[in-house]
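Reading the sequence shown from the start, the letters are residues 1 to 337 in the numbering used here.
All C-beta atoms, glycine included, are put in the ideal place defined by N, C-alpha and C.
Predicted model, so just to flag it, every value in this text is computed and none were measured.
Written below as structure tokens is the structure these notes are about.
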Amino acid sequence: MNALIKYGSVQANPLYNCSSRTPQEWTTREGVPRHVYGATEVICGIIFELAYIPMLTVMFEKEYFKLSCYKIMIFLSLVDIISILVGGIITGWLGYQGAVFCTYPELIYYCGMIAESMWCCSCLTALILVTNRLFDLQFPRISKFLFDGNRTFLVIFLPVLYAFYFAFFCTPVLYTSKFHTFLLDPMIYEGKGLEYSNVSLMYNNFLVLFSTCFLYIIFCFVLGSKLKNVSSGSEARNASIQIFFQSAMICGVNLMASMVYVSMSFVETPFWLIVVGHICWQLGHAAPAFVYLTFNKTIRNGVLRKFGIKKGKITNSTKKITKSSVHFSSTHIIITT
């Protein structure tokens, strides 16, 4: 964005000037129509977006929204919705046409800014979420100091600033159908790839995501130690197993995407692996909706109530959260009947 302010427009920047050819010539020369990939991404993107709607309506309910973890989850879901729009639906449409950067330079530039900033925002938000869960479980006083009441919104403001940093001060990623992914190099000039480097993005992909997964491992060990004396058939132990699978699946797809994109900065990456990384990036934003709907009993039952499939309401035991159950609330373990 700072380059846009400096030059006044995307193509006024010499590094992104496509005037040597027409958009159609650029598409014919560099583009590869991805009809199957493109159509699949548009359809899946719409399904993913729709899946978030009922989940959000449950999390916005007063009894859940007052919990810090649900405030963070709502914010993360909104970030994911924006990311799926850009990284799934719009990307699928571009891939179907075989578009490259110079086909729609302004659109792809702005979409790249949004995709990059939302990805980094979601990475930091996920780190905050697991920190919230871990502190709530192991260090409740610190958790209360950081996340109690409206303080959660102040904490959430950090990933907002983080997203603005990547949007305004970092080189954006740009879509190309040639590799069906977002790359830093718009592929206008040969031999200028290093001029589009983005060290901040590489550090985000390496440090933030690995830190998140490391904290999830610690969280699972702490949760296991808390429940080691709980009977194997209890709801608490079953819920802890669900938490482990939620964490593992969400971390797994994000970590895979991170590893692929980091490796692309150092070595030549085969096309199939680039596609895997791109799909994992998309799943990193889409998977939480299905993971929560599948493994999170509170959200699943709430959605079923919304559709009239499951009768009942939030019980008094959930409303009157005891000191011990608060530890589980931030780990999505809110046991309802």
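- Annotation for Y64: the continuous alpha helix (DSSP H) segment containing it runs 62–65.
- Note on D80: 16 or more other CB atoms within 10 angstroms of its CB, so buried under the neighbour-count rule.
- Note on geometry: alpha-carbon atoms of T28 and I274 lie some 22 Å from one another.
- Contact between Q11 and C18 is confirmed by a C-beta separation of about 6 Å, below the 8 Å threshold.
- Closest by C-alpha distance to I53, out of K310, A286, Y110, is A286.
- L183 is bridged by DSSP to L174.
- Nearest to Y37 by C-alpha distance, out of G98, L124, V86, F65, is G98.
- Between C123 and T212 a beta carbon distance of about 7 Å is seen, short of the 8 Å cut, so the two are scored as contacting.
- Taking C-beta separations shorter than 8 Å and ignoring five residues to either side along the sequence, the partners of L174 in its chain run F101, I108, Y109, G112, F182, L183, L184, D185, P186, following chain order.
- With fewer than 16 neighbouring CB atoms inside 10 Å of its own CB, I43 falls in the exposed class.
- Nearest to N301 by C-alpha distance, out of F210, T57, N198, V260, is T57.
- Between F166 and the set S197, P105, T103, F153, the nearest pair of CA atoms involves S197.
- When C-beta atoms of the segment 62–77 are compared with those of the segment 142–158, three or more pairs fall below 8 Å, so the two segments count as touching.
- Bounds of the alpha helix (DSSP H) holding E41 are 35–59.
- Taken atom to atom, the span from the alpha-carbon of C220 to that of V86 is near 33 Å.
- Proximity to F48 across I309, L293, F307 peaks at L293, based on C-alpha coordinates.
- Non-local beta-carbon contacts of K306 in its own chain, meaning distances under 8 Å to residues more than five positions away in sequence, involve P54, T57, V58 in chain order.
- Pairing S83 with W119 gives a Cβ-Cβ distance under 8 Å.
- Check the Cα spacing between L76 and each of N296, L127, G193: the tightest is with L127.
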